[in-house]
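A.B. asks:
Residue numbers (the numbering used here): 31 to 335.
1. Determine whether the beta carbon atoms of residue 61 and residue 88 lie at a separation below 8 Å.
2. Considering residue 64, what are the terminal residues of the alpha helix (DSSP H) in which it resides?
3. According to DSSP, simplified to helix, strand and coil, what is residue 249?
4. At what residues does the alpha helix (DSSP H) containing residue 112 begin and finish?
5. Between which two residues does the alpha helix (DSSP H) containing residue 205 stretch?
6. Count Cβ pairs between the region 66-84 and the region 100-112 that sit closer than 8 Å; are there 3 or more?
7. How would you label residue 135, buried or exposed, when you count the other beta carbons within 10 angstroms and need 16 or more for buried?
8. Residue 204: which of 291, 93, 238 sits nearest, CA to CA?
9. Sorry if obvious, but does the Cβ on residue 167 come closer than 7 Å to a heavy atom of the ligand MN?
10. Please classify residue 81: does DSSP put it in a helix, a strand, or coil?
11. Less than 8 Å separating the beta-carbons of residue 158 and residue 110?
12. I'd like the span of the alpha helix (DSSP H) that includes residue 239, first residue to last.
13. Measure the alpha-carbon distance for residue 251 versus residue 260 and round it to whole angstroms.
14. Using the Cα positions of residue 284 and residue 274, report the straight-line distance between them to the nearest angstrom.
15. So for residue 168, helix, strand or coil by DSSP?
16. Counting only beta-carbon atoms, is residue 238 nearer than 8 Å to chain B?
17. With a threshold of 16 other CB atoms inside 10 Å of the CB of residue 31, please say whether the residue is buried or exposed.
18. Run through DSSP, which three-state label would residue 283 get?
19. So what does DSSP say about residue 144, is it helix, strand or coil?
20. Just to confirm, are residue 228 and residue 296 a CB contact at a threshold of 8 Å?
21. Does DSSP put residue 310 in a helix, a strand or coil?
22. Looking at the secondary structure, which residues open and close the alpha helix (DSSP H) in which residue 89 lies?
23. Taking a contact to mean a Cβ-Cβ separation below 8 Å, would you say residue 92 touches residue 129 in this structure?
24. Under 8 Å, do residue 257 and residue 293 count as touching if we go by C-beta distance?
25. Can you check which of these residues, 165, 121, 131, 191, is closest to residue 398 by C-alpha distance?
26. Could you pull out every residue in the same chain whose Cβ sits closer than 7 Å to the Cβ of residue 214, ignoring the five residues on either side in sequence?
Written out as structure tokens, the structure is:
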């Protein structure tokens, strides 16, 4: 551990990044502990912060902390020693955790902290943790691309290759994200083969790519829907369980019913593009899902073409 810290972190200039990650984790865990104590109305806990009868969300303190530490890092960029940079990075991490913990409030513009939409905040936190962890381990976006090659080598061939490689990476990432595979696109920016696999495989049925490419190709849409329900069910159950574990008390029955509800809500054919006229796939090929938690949708196989 000490060797990894000295050789891979400090020697590589990643100590501020490590401090940011630790500050982010500590800030997130502490604020989650605080809100759960407030929700349980524990007497010795101070409770919500109010000013003139207005509840001040902890996101406000997060924004202030992010701005203060961010300005500090910018102004001290060239003169700050290791300790100062580490402290500012840790403070930035705490502020980012306080802000992202209420990301759903920013996204929906209403307080949905304890509602179903509040899980968006947990998703945002997981994304931030994943990206920071990959950067700390030495991965960087665009995988094999090293910007120093562009700066140090004056030859036109190398520069053209670097630019072309970056364009291909970004294009594949855009295609994968358009297929609805956000995590594959995210991690693929750090590991190119993931982008290639994600680009070659079927789109998720509700993604923009499916709307553009599958609206008049019923067989592909049918395969995408069946595949999505089969492979997404265990993933969604695991995700909801972890989210419930972080946000509150997990319940197995709630995980099952919530997973089926999310599958019913999300695994549907993408609507056709507004400027094109297609037959409704949902009305012709699908019937409503049964009320039972584990019921499979009645999906009729498309006619052979």
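No residue lacks a Cβ here, since even glycine has one placed at the ideal position from N, Cα and C.
As the structure is a prediction and not an experimental result, all values here were calculated from the model.
C.D. replies: Answer, in terms of the structure:
1. yes
2. 45-69
3. helix
4. 112-130
5. 186-208
6. no
7. buried
8. 238
9. Among the ligands in the structure shown, none appear at all, so the ligand MN cannot be discussed.
10. strand
11. no
12. 238-243
13. 14 Å
14. 9 Å
15. coil
16. The structure shown has no chain B; it contains just one protein chain.
17. exposed
18. helix
19. coil
20. no
21. Residue confidence is low: residue 310 scores 45 on pLDDT, short of 50, so the model does not pin down where it sits. Its coordinate-derived value is still stated next. It is coil, neither helix nor strand.
22. 88-105
23. yes
24. no
25. The structure shown does not extend to residue 398, since the chain is modelled only from 31 through 335, so no value can be given for it.
26. 206, 224, 228
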